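Student:
Number of protein chains: 2
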Amino acid sequence: MPDADSDATRRSGPTIYDVAAACGVAPSTVSRTFSRPGRVNAETAERIRQVAAEMGYRANPLARALPTGRTSLLAVIVADVTNPFFFDILRGAETAADEAGYTLLVADVQESVDAERRALDRAIPMVEGVVLATSRMSDSSIRVAAKQRPTVVLNRSMTDVSSVAPDNARGMRRAVEHLAALGHTSLTYLAGPEASWADGVRWQALREAAYELDLKARRLGPFPPTQAGGIAAAQAFARSPGTCAIAYNDLIAIGAMRGMTRLGARIPQDVSIVGFDNIFGADFCTPALTTVAAPLRQLGALAVETLIRELRSGARRSGSPARVRSALLPTRLLERDSTALAPRRRRAWAASPGGK
Amino acid sequence: MPDADSDATRRSGPTIYDVAAACGVAPSTVSRTFSRPGRVNAETAERIRQVAAEMGYRANPLARALPTGRTSLLAVIVADVTNPFFFDILRGAETAADEAGYTLLVADVQESVDAERRALDRAIPMVEGVVLATSRMSDSSIRVAAKQRPTVVLNRSMTDVSSVAPDNARGMRRAVEHLAALGHTSLTYLAGPEASWADGVRWQALREAAYELDLKARRLGPFPPTQAGGIAAAQAFARSPGTCAIAYNDLIAIGAMRGMTRLGARIPQDVSIVGFDNIFGADFCTPALTTVAAPLRQLGALAVETLIRELRSGARRSGSPARVRSALLPTRLLERDSTALAPRRRRAWAASPGGK
DNA sequence: ATGAAAGCGCTAACAG
DNA sequence: CTGTTAGCGCTTTCAT
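Quick mapping for you: the protein sequence lines, in order, are chains B and Z.
Its first residue numbered 0, the first sequence is counted upward by one per residue in numbering that gives the first Met the number 0.
Its first residue numbered 0, the second sequence is counted upward by one per residue in numbering that gives the first Met the number 0.
1. Ordered along the chain, which non-local residues of its own chain (more than five positions away) have a Cβ less than 8 angstroms from that of Ala190 of chain B?
2. Where does Ala19 of chain B fall in DSSP's three states?
3. Check the Cβ of Cys284 of chain Z against every Cβ in chain B and list those closer than 8 angstroms, keeping chain order.
4. Does the beta carbon of Pro83 of chain B fall short of 8 angstroms from some heavy atom of the ligand ZN?
5. From the beta carbon of Ala233 of chain Z, is the nearest beta carbon of chain B less than 9 angstroms away?
6. Using the rule of at least 16 other Cβ atoms within 10 Å of the residue's Cβ for burial, across every protein chain shown, is Tyr101 of chain Z buried or exposed?
7. Should Asn248 of chain B be flagged as near chain Z, meaning a C-beta pair shorter than 9 angstroms?
8. Cβ closer than 9 angstroms: which chain B residues qualify as neighbours of Leu103 of chain Z?
9. Out of B:Ala300, B:Arg172, B:Thr32, B:Val75, which has the shortest C-alpha to C-alpha gap to Glu115 of chain B?
10. Would you verify that the beta carbon of Ile253 of chain Z is, or is not, closer than 9 angstroms to some beta carbon of chain B?
11. For the segment 72 to 100 of chain B, which residues have a CB atom closer than 7 angstroms to at least one CB atom of chain Z, in sequence order?
12. Return the CA-CA distance between Leu119 of chain B and Cys22 of chain B, expressed in angstroms with no decimal places.
13. By the three-class DSSP mapping on this structure, what secondary structure does Gln49 of chain B have?
14. Taking 9 angstroms as the threshold (beta carbon to beta carbon), is Ser337 of chain Z in contact with chain B?
15. Kindly indicate if chain B contains any beta-carbon less than 9 angstroms away from that of Ala64 of chain Z.
16. Closer than 7 angstroms between beta carbons: that is the criterion. Which residues of the segment 137 to 171 of chain B meet it against chain Z?
17. Whole angstroms are fine: how far does the CA of Leu295 of chain B sit from the CA of Leu328 of chain B?
18. Quick test of your reading: Arg57 of chain Z and Arg63 of chain Z, contact by CB under 8 angstroms. State the CB separation rounded to the nearest angstrom.
19. Assuming Ala92 of chain Z and Leu103 of chain Z are in contact, meaning their beta carbons sit under 8 angstroms apart, how far apart are those beta carbons, in whole angstroms?
20. For a contact defined as C-beta to C-beta under 8 angstroms, what are the partners of Leu306 of chain B on chain Z?
21. Apply the 10 Å Cβ neighbour rule to Glu42 of chain Z and answer buried if 16 or more other Cβ atoms are within range, or exposed otherwise.
22. Compare the Cα-Cα distances from His177 of chain Z to each of Z:Glu110, Z:Val143, Z:Thr150, Z:Leu340 and report the closest residue.
23. Out of B:Phe283, B:Asp269, B:Asn277, which one is the CA nearest neighbour of Pro342 of chain B?
24. Would you tell me roughly how many angstroms separate the C-alpha atoms of Phe283 of chain Z and Met259 of chain Z, rounded to the nearest one?
25. Buried or exposed: which applies to Pro224 of chain B, given that a residue is buried once 16 or more other Cβ atoms fall within 10 Å of its Cβ?
26. Given this structure, state the Cα-to-Cα distance separating Arg183 of chain B from Pro192 of chain B, to the nearest angstrom.
27. DSSP three-state call for Tyr210 of chain B: helix, strand or coil?
28. Assuming Ile88 of chain B is part of the alpha helix (DSSP H), what are its boundary residues?
29. Taking beta-carbon pairs under 7 angstroms, can you tell me which members of the segment 113 to 125 of chain Z lie near chain B?
30. Out of Z:Ala194, Z:Arg35, Z:Met125, Z:Val126, which one is the CA nearest neighbour of Ser134 of chain Z?
31. Are there 16 or more other CB atoms within 10 angstroms of the CB of Ser161 of chain Z, so buried, or fewer, so exposed?
32. Taking all protein chains shown into account, decide if Tyr16 of chain B is buried (16 or more other Cβ within 10 angstroms of its Cβ) or exposed.
33. Determine the closest residue to Ala204 of chain B out of B:Gly229, B:Asp166, B:Ala231, B:Ala287, with distance taken between C-alpha atoms.
34. With DSSP collapsed to three states, give me the class of Phe275 of chain Z.
35. Please tell me whether Arg363 of chain Z has its Cβ less than 9 angstroms away from any Cβ of chain B.
36. Taking only beta-carbon positions, decide if Asn59 of chain B is within less than 9 angstroms of chain Z.
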């Protein structure tokens, strides 16, 4: 009967004290064995590992975290988990985190700045770093967070906080060129949330490209970045139809296609639509959506890799902002079936083209 | 100059000791003020709150968690974050967790049992409870986990662990009836992963319903629960075509529709397809998918609510399994455009109907 | 290379 | 109602 301890005593596994006792060494030696290999005699270490394994010892991450702050947790604040845009971003983030031994704490803030701030407040004390995926907060709020924990923003760009984003400008430019090549002479931008950094960049890039290519550009919106938003956009568009539209994102584009179809338009014969992001579903909606594809998975992975690099470079202390790293990942235009030659003459399709 | 402390001293905010000192009370009183309101004189409490607020005191969740185990963290292990099935489940889970003051730690295990076990091992010591969403692990592995932390399985059902799942059997029955009513006389089931509990239930329910309604039933697969899996399913189906198929899930159904279309079939004229889950995209694929809708958001919400209830009922101690709660949420058949009357005579559509 | 001891910040008996 | 006193399990100087 080697085990005199009642098994009802310990609520959760053996501790370094138990292992130490069993090995006849000091607890600190056991601690070192696991957290600072090399700082302990090879043989002793081996023996300790052995015994620890037999006893089923597992370090308590909470206990480790208390004195060191190393929780191995990363927060990922997502604007809307329900938005397919984030699926692959999360997957990429997960994979990268897992490889580095980190676990993700993900918070869905449902496009609400308030919820975002609350989630952040709650998560920050528990995590080592934060990735803000499509934050709706102000730059200054983000800076406040970044002051407390290493932070990287995703799908946004800032001068003083590390960031990872798709190259929206180039993508937009390609989209405009594509439409121009098809003979369209004026463009409509179906805008997303005003608080969205990407929206600003996309619209501005559209205007510039349109200007250079001598196309007319207008902006409708803002619309919520959802299918419902797209349907609303379709209605707005129908009030003064054009021959093509570029949507803030695929969700709006898909909703817009549905909405316009319902209003009698044929896509792409009457109106060409291009989306942004190439989310799940962009390939099997009807017609298949021409869209500016962002490297979603890479975006997520790079964001946490960047974060982890900052962590490792010891950007733990307050104030030391660490080196700011900014990445712009390449996008590409996926030409599918929602864009076509501009119609020679417009066909009236909206029920009441002049508005109510 | 009330603040004599150098502001470079504290790495992270004031502690209960600081607040206590500032108030002239004992640290434990400050502690009580926040963790056990009511156990402290109203006035004292008020004063303490006041001062704490002024000092910007924030309880350190790690420190609280160490002695109590109350981390306010819940693990959600999902088979595949990239699968739209989980979008609304996560949303529901998030919302419910947030309302109860919990934060989710989500791990994507990419349909891998190994990854699932690793994620669980890593998460368990940090969380108060676990929800296993579509676990691929064996019942016994799940029991092992459930012994360590209150656990609820989602989209699966067990006798000794709380569970939340859609009523697959009824849903399947409705689907079969629907097809029978359209004149189909034999059914093909496009199977999902063998390790999937839902797959077993669905196939069995299909067989029973088919038997009762005097239809023939066969099973093809297993296929990965993805669009690619559906395309593979289409090919298998084409080797010996039928007039209709029920897929394990919407992803397979959508993939199958695309695959069959590519092989020359018209959906639904030549073959009717029904899916399962009503995921994002099921309504805008072509044709819109007839599917058995599961209350995704509720599923997620109920899972964490159940978990939290167990937590509150003090199922913290090892061994005490707490009351097992099992819920079967109602599903409903969404009749859309992928199902139609059985063809009077079959049209040959597969390029090589006899196989290779 | 290893041991002793002092915390990390908070909670929880147990007294008063 | 409030203060005292131990820890929770691990890390980390500082000695030895």
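Beta carbons are placed, not taken as given, at the ideal position from N, Cα and C, and that holds for glycine.
In this text the structure is predicted, and so the values were computed from the model without any measurement.
Tutor: Put simply:
1. Asp198, Trp202, Arg218, Leu219, Gly220, Pro221, Phe222, Tyr247
2. helix
3. Gly280, Phe283, Cys284, Thr285
4. Questions concerning the ligand ZN fall outside what the structure shown contains, since it holds no ligand whatsoever.
5. no
6. buried
7. no
8. Leu104, Val105, Ala106, Asp107
9. B:Val75
10. yes
11. Val80, Thr81, Pro83, Phe86, Asp87, Leu89, Arg90, Glu93
12. 43 angstroms
13. helix
14. no
15. yes
16. none
17. 10 angstroms
18. Actually they are not in contact, since the Cβ atoms of Arg57 of chain Z and Arg63 of chain Z sit about 11 angstroms apart, beyond 8 angstroms.
19. 6 angstroms
20. Within chain Z, no residue comes near Leu306 of chain B; the closest Cβ sits about 17 angstroms away, beyond 8 angstroms.
21. exposed
22. Z:Leu340
23. B:Asp269
24. 18 angstroms
25. buried
26. According to the sequence provided, residue 183 of chain B is His. The question's Arg does not apply to it. Answer to the nearest angstrom: the Cα atoms are 26 angstroms apart.
27. helix
28. 84 to 98
29. Arg121, Ala122, Pro124, Met125
30. Z:Ala194
31. buried
32. exposed
33. B:Asp166
34. strand
35. Within the shown structure, residues of chain Z are numbered from 0 to 355, placing residue 363 of chain Z beyond reach of any answer.
36. yes
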